[in-house]
Every structure is written in C-alpha cells, then in structure tokens.
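Peer 1: Shown below is the structure under consideration.
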Ligand SMILES: [Zn+2]
C-alpha cells in the first residue's frame, strides 16, 4: 500500500479541491476496504449526493473527506440538513484522509455513522449579507469529541494498520449500530468518552463519578447523573464492551 496521492491522476484539473478529490477518491477506491466486514468497496457514480463509496456485501455507505494536515475538524455542508440527518440516523460513515504538502498520506481514519451525535456538528458563522448565499450556515464536524474507539485508523501516522486489527476494533463497538434512540446513545458515548479520559483499563464506579460535574453541565435538566452513569455501565457491560470484576471494579475489554 503506497501512502501517496498520485498527482498524474489530477492532470487537467485546475481547482485544487478537485485535484485532491480525484486523487483521494482513487486512493480510497484502490486501498481502503469496508471496515465493518472487510469487503472491497465500490465508488458510486458521480454526484451521488449522499455518499461516495458503498460496500456491496454489507451495504455500508461511506463519504470521503480529505484534509491537508492532521486535523480532526472537518468541514461539511449545510448545518441544519446535517443535524436532521444525525437525528434520523441517515448519515453515512466517514473516511477522513489526511495528507501532507508533498501529498504523502499521514492518516486514514474511518468514523462510523453510529458515533455521530448532534453535539459533534458545530455550526459555522452565517455567510455575510453581501455573500451570494447570504445567511447560509455551514457546519464543521468535530471528530475530537468522538470516543477513541469510534475512530478506526486504517493508516495512522504514516503506518498501515493490519486489516484484521482494524476490523476487530470496529466489531468492538458495532453494537451501537442498533441504538436508534439518539438521546440515550449520546449518554453511552459520553460515558465511553469519560472512560477514554480515565486512561486506564481497570476502573471503579468512583472513578467515573468524578465526571459527575462535567456531565451535569452537559445535561443541566438531568438530576440523576450517578444513576445514569450506572445505567450506561450496565449497557456497556451487556454489550461486552466492559466486564464487571466485582467490588465495584470494571475492566475495559
Ligand atoms: Zn461491508
């Protein structure tokens, strides 16, 4: 797998965004794979508004985003339609390809659609009154807010990850696919994010209670944060993400 965008593909294209588009689509089409099932992926015919690639085997859809540098903040289209898509579970999964000035590929990360919540969709400033589309509001997607297990790297820091490990990592959280209630899923993802911040494999309930204030700020209406944390731990345990070791101690699998 050559970690480089092929400039010869971009001959005849003048706009830089088009050039990057052509090169990165080619790279993903020939080197990436369906992270859910491992199958090859196919590219949709041009101008499919919803997504760029699909898996012929498990029908997963992928949208490709490319960005120079290693940022996890990606710009997307209009804000409100994106929020609606998240609420209706209609977003595709994302491939984010990061490249350098010299067109080397530093990272390729897949973010599964079932990790998307409203809070990661950030509105941009409305376009100025003098702009052609005055008042139009676009959005950024903040992948930093997504739990680490939701960011599945195919290439990380110029190194290709073994395919079996990539698919295994994806399987670890695939249970989230079945969570159709976006609000309760938001809680599960928040607790997963707290587990990331703990940075340990074994933890206690008390460790997680330390996040009570932060979660209270995020959910000011909720007056039962601790029971909510316990409920989410149960959900994560039932789905094999963590295991209960006894005496209030848990282990992340
Ligand atoms: Zn698949």
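In the numbering used here, the protein residues as written are 4 to 256. Note that the Cβ used here is the ideal one computed from N, Cα and C, for glycine as well.
1. DSSP has residue 252 in a bridge; who is on the other side?
2. Is it buried or exposed for residue 188, if we count other Cβ within 10 angstroms and need 16 for buried?
3. Can you tell me which of 103, 175, 90, 234 puts its alpha carbon nearest to the alpha carbon of residue 186?
4. If you follow the alpha helix (DSSP H) that residue 25 is in, where does it begin and where does it stop?
5. Please check the pair residue 6 and residue 79, which I expect to be a contact at CB under 8 Å, by giving their CB distance rounded to whole angstroms.
6. Using 8 Å as the threshold, is the C-beta distance between residue 84 and residue 65 below it?
7. Considering only heavy atoms of ligand 1, list every residue whose Cβ is less than 6 Å from one of them, following chain order.
8. Taking 8 Å as the threshold (C-beta atoms), are residue 191 and residue 125 in contact?
9. Please identify the residue among 155, 110, 254, 223 whose C-alpha is closest to the C-alpha of residue 201.
10. How would you call residue 133, buried or exposed, if buried means at least 16 neighbouring beta carbons within 10 angstroms?
Peer 2: According to the structure data:
1. Within the chain shown, numbered from 1, the residue matching residue 252 stands at position 249. Per DSSP, 207, 249.
2. Along the chain shown, one-based indexing puts residue 188 at 185. Buried, by the Cβ-count rule.
3. Counting from one through the chain shown, the residue named residue 186 turns up at place 183. The shortest Cα separation from residue 186 among 103, 175, 90, 234 belongs to 90.
4. Your numbering for residue 25 matches position 22 in the chain shown. Unbroken alpha helix (DSSP H) run through residue 25: 19-34.
5. Reading the chain shown from its first residue, position 3 is the one you call residue 6. Reading the chain shown from its first residue, position 76 is the one you call residue 79. Rounded to whole angstroms, the Cβ separation of residue 6 and residue 79 is 25 Å, and the two are not in contact under 8 Å.
6. To locate residue 84, count along the chain shown from 1; it is residue 81. To locate residue 65, count along the chain shown from 1; it is residue 62. At least 8 Å separates the beta-carbon of residue 84 from that of residue 65.
7. For ligand 1, the residues with a Cβ under 6 Å from any of its heavy atoms are, in chain order, 37, 39, 40, 42, 58, 60, 61, 63.
8. Locating residue 125 in the chain shown gives position 122, where the first residue counts as 1. Locating residue 191 in the chain shown gives position 188, where the first residue counts as 1. No, the Cβ-Cβ distance between residue 125 and residue 191 is not below 8 Å.
9. Walking along the chain shown from the start, residue 201 turns up at place 198. Nearest of 155, 110, 254, 223 to residue 201, Cα basis: 254.
10. Position 130 of the chain shown, counting from 1, holds the residue named residue 133. Flag for residue 133 reads exposed.
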